[in-house]
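What follows is a short report on a single structure.
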Amino acid sequence: MAKRIVNFNPGPAALPLSVLEQIRDEFLDYRGTGMSIIEISHRSKQFEETLNGAVQRTKRLLDLGDDFHVAFIQGGASLHFSMAPMNLALEGKPLDYINTGTWSTKAIKEAKILSKDVRVIASSEEKDFSYIPKSFPVDGNASYLHITSNNTIKGTQWADFPKAGQVPLACDMSSDIMSRPFDPKPFGLIYAGAQKNLGPAGSAMVIIRKDMLDRVPANLPSMLKYTTFTKENSLYNTPACFVIYTINLVLRWLEETVGGLRNMEKINREKADILYGFIDRSGFYRGTAEKDSRSLMNVTFRLPSEELEKKFLAEASNAGLGGLKGHRSVGGCRASIYNAIGVDEVRKLVDFMADFQKKEG
Ligand SMILES: Cc1ncc(COP(=O)(O)O)c(C=O)c1O
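Using the numbering used here, the letters of the sequence shown correspond one by one to residues 1 to 361.
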């Protein structure tokens with residue numbers, strides 16, 4: 001029996017155990033082919049069924065209907081910091097961004113490198129990105145409004161998405177995709193690195209509204225055009241087969257075991273309530289995000305001193321609770337409680353935190 005820990009890593013992150021077990025069980029002989037999933041052709045019937053399974057499950061889970069394409073594109077979420085402006089900028093219409101942290105800042109930087117007319121219409125930088133901006137002007141003339149739905153490093157999340165009227169939202173949903181239901185219609189583009197709520201690293205999931213494809217300039221290199229991937233059902237070249245296969249299994253778990261995104265959200269809220277509730281009552285631990293901007297996925301907190309934080313992380317690790325160190329750029333602690341982390345695992349963390357406080361507080 002493999003010895004496993006409770007894995008609070010921010011990404012790559014914990015995946016459902018039943019999915020890992022299925023991968024193990026069928027790794028040497030995928031559905032009677034006598035080959036591993038990583039050894040068969042991406043054009044084989046078996047792989048195409050897997051790919052189509054992942055696409056259809058995404059459409060069902062997010063209630064996308066026929067207005068959207070789902071594609072898998074290698075290069076991670078970061079590639080879309082460039083692909084979004086390259087593909088979706090309209091002549092004479094600025095690109096609007098809301099800056100809520102490191103990843104938004106990177107998206108803004110790439111759009112500027114491309115010499116686009118970039119406007120940052122709101123930012124929470126002056127308060128160290130500890131909140132989600134609430135009021136800002138939305139200009140109906142923008143090509144799109146870009147947001148980061150969940151800020152993995154600072155532990156903030158959009159509770160409700162901004163209303164931008166006819167302006168399509170372009171959204172980096174890397175760290176909270178599939179964690180809750182939402183209305184997809186205002187979104188022109190959603191992209192998410194796979195390695196948190198979807199599967200292993202190596203691909204991004206891209207959801208693009210069909211009307212956005214009319215914007216794609218003809219003179220982009222093929223691999224940088226969204227249309228290349230939507231026209232060929234992600235099979236223009238060899239896709240990240242193992243990633244897509246795993247995503248299909250994770251999405252099946254979401255549909256069949258969890259029972260869809262409404263249930264997933266309930267569980268995610270319960271986990272976050274347990275952890276934030278404990279932190280707020282403790283008088284020892286301190287949450288770093290403003291309360292109304294708190295992330296249900298990444299819970300960031302500090303202890304009274306850096307010395308105690310070091311001790312906390314070391315003892316947590318000894319107790320089988322891993323991945324709790326804050327991002328290297330901010331320090332402190334962070335518990336990433338993505339979909340695959342259960343309520344019981346959060347309780348284990350809270351019990352440990354209570355014991356640590358008793359001893360050190
Ligand atoms: C919100 C967000 N966007 C983008 C990225 C970068 O993703 P990738 O490494 O797939 O490029 C991350 C990685 O953690 C992230 O959390």
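Using N, Cα and C, we set each Cβ at its ideal position, and we do this for glycine too.
(message) Using a Cβ-Cβ cutoff of less than 6 Å, which residues in the same chain neighbour G199 once the five nearest sequence positions on both sides are dropped?
(response) Only V243, T246, I247, V250 meet the Cβ criterion.
(request) For Q166, name the three-state secondary structure that DSSP assigns. (result) Q166: coil per DSSP, three-state reduction.
(message) Can you tell me which residues form a DSSP beta bridge with H42?
(response) Note: H42 sits in no beta bridge, so no partner.
(message) Rounding to the nearest angstrom, what Cα-Cα distance links R294 and R252 in this structure?
(response) R294 and R252 have their C-alpha atoms roughly 28 Å apart.
(request) Examine ligand 1 and report whether any of its heavy atoms sits within less than 6 Å of the Cβ of D355. (result) Not under cutoff, so the answer is no.
(message) Any heavy atom of ligand 1 closer than 6 Å to the beta-carbon of D172?
(response) Answer for D172: yes, Cβ within range of ligand 1.
(message) Whether or not the segment 146–164 and the segment 280–298 are in contact is what I'm after, with contact meaning three or more pairs of Cβ atoms, one per stretch, closer than 8 Å; do they touch?
(response) Touching, yes, given that three or more Cβ pairs across the two stretches are closer than 8 Å.
(message) Could you tell me which whole alpha helix (DSSP H) segments of length 4 or greater appear in the segment 121–191?
(response) Taking 4 residues as the minimum length, the segment 121–191 contains no alpha helix (DSSP H) run wholly inside it.
(message) For E110 and F81, I'd like the C-alpha separation in whole angstroms.
(response) One C-alpha to the other measures close to 6 Å.
(message) So within the segment 190–216, which uninterrupted alpha helix (DSSP H) runs reach at least 4 residues, ignoring any that extend past its ends?
(response) The DSSP assignment places no complete alpha helix (DSSP H) segment of no fewer than 4 residues inside the segment 190–216.
(request) Please report how far the alpha carbon of Y97 lies from the alpha carbon of Q22, in whole angstroms. (result) Straight-line Cα distance between these residues: approximately 41 Å.
(request) Within the segment 284–357, note down every full alpha helix (DSSP H) run reaching 4 residues or more, in order along the chain. (result) If we require 4 residues or more, the alpha helix (DSSP H) runs fully inside the segment 284–357 come out as 306–318.
(message) Between Y226 and N87, how many whole angstroms is the CB-CB distance? I'm expecting something under 8 Å.
(response) The beta-carbon distance between Y226 and N87, rounded to whole angstroms, is 5 Å. This is short enough to meet the 8 Å contact definition.
(request) Taking the CB atoms as reference points, tell me whether L145 and V167 lie closer together than 7 Å. (result) Contact: yes.
(message) Excluding the 5 residues flanking K116 on each side, which residues of the same chain have their C-beta closer than 6 Å to its C-beta?
(response) Cβ neighbours of K116 beyond the five flanking positions: P85, A89, L95.
(message) Judging by CA-CA distance, which residue of G287, R31, V206 is the nearest neighbour of L303?
(response) When each option's Cα is compared against that of L303, the closest is G287.
(request) Return yes when the C-beta of A13 is under 6 Å from any heavy atom of ligand 1, and no when it is not. (result) For A13, the CB stays at least 6 Å from every heavy atom of ligand 1.
(request) Count the CB pairs spanning the segment 253–261 and the segment 200–217 that are closer than 8 Å, and state whether there are at least three. (result) No: fewer than three Cβ pairs fall under 8 Å.
(request) Let me know if K196 comes out buried or exposed under the rule of 16 or more other beta-carbons within 10 Å of its beta-carbon. (result) Under this definition K196 is a buried residue.
(request) Would you grab the beta carbon distance between I208 and F68 for me? Rounded to a whole angstrom, and I think it's under 8 Å. (result) About 7 Å separates the two Cβ atoms, so the contact holds.
(message) Spatial neighbours of Q74 within its chain, please: C-beta separation below 6 Å, excluding the five flanking residues on both sides.
(response) Correct list, in chain order: S203, A240.
(message) E270 and L308 - do their beta-carbons sit closer together than 7 Å?
(response) Going by C-beta atoms, L308 is not nearer than 7 Å to E270.
(request) Determine the extent of the alpha helix (DSSP H) in which L383 is found, giving its start and end residues. (result) Any question about residue 383 goes unanswered here, given that the chain covers just 1 to 361.
(message) Could you check whether the segment 306–322 touches the segment 340–358, counting it as contact only if at least three pairs of C-beta atoms, one from each stretch, sit closer than 8 Å?
(response) For the pair of segments examined, the segment 306–322 was found to touch the segment 340–358: the number of CB pairs separated by less than 8 Å reaches three.
(message) Just to confirm the assignment, what range does the beta strand (DSSP E) spanning I73 have?
(response) It spans 68–73 - the beta strand (DSSP E) in which I73 sits, taken as one unbroken run.
(message) With the cut-off set at 7 Å, would you say L61 and L261 are in Cβ contact?
(response) It is a contact, given that the beta carbons lie within the stated cut-off.
(request) Mind the definition here: the segment 172–189 touches the segment 31–46 only if three or more C-beta pairs lie below 8 Å; say whether that holds. (result) With a cut-off of 8 Å, the segment 31–46 and the segment 172–189 do not count as touching, because too few Cβ pairs lie within range.
(message) Once DSSP output is grouped into helix, strand and coil, what is the label at L95?
(response) Here L95 sits in strand by DSSP.
(message) For N268, count the other beta carbons within 10 Å of its own beta carbon; 16 or more makes it buried, fewer makes it exposed. Which is it?
(response) Buried.
(message) Checking the sheet assignment: what are the DSSP bridge partners for N7?
(response) Per DSSP, G322.
(request) Just the C-alpha distance for E290 and S41, rounded to the nearest angstrom, thanks. (result) Whole-angstrom Cα-Cα distance: 49 Å.
(message) Please classify N141 as buried or exposed, where buried requires at least 16 neighbouring CB atoms within 10 angstroms.
(response) Within a 10 Å sphere around the beta-carbon of N141 sit fewer than 16 other beta-carbons, which makes this residue exposed.
(message) Measuring alpha carbon to alpha carbon, tell me which residue in L349, R180, F284 is nearest N339.
(response) Out of L349, R180, F284, the CA that lies nearest to the CA of N339 is found in R180.
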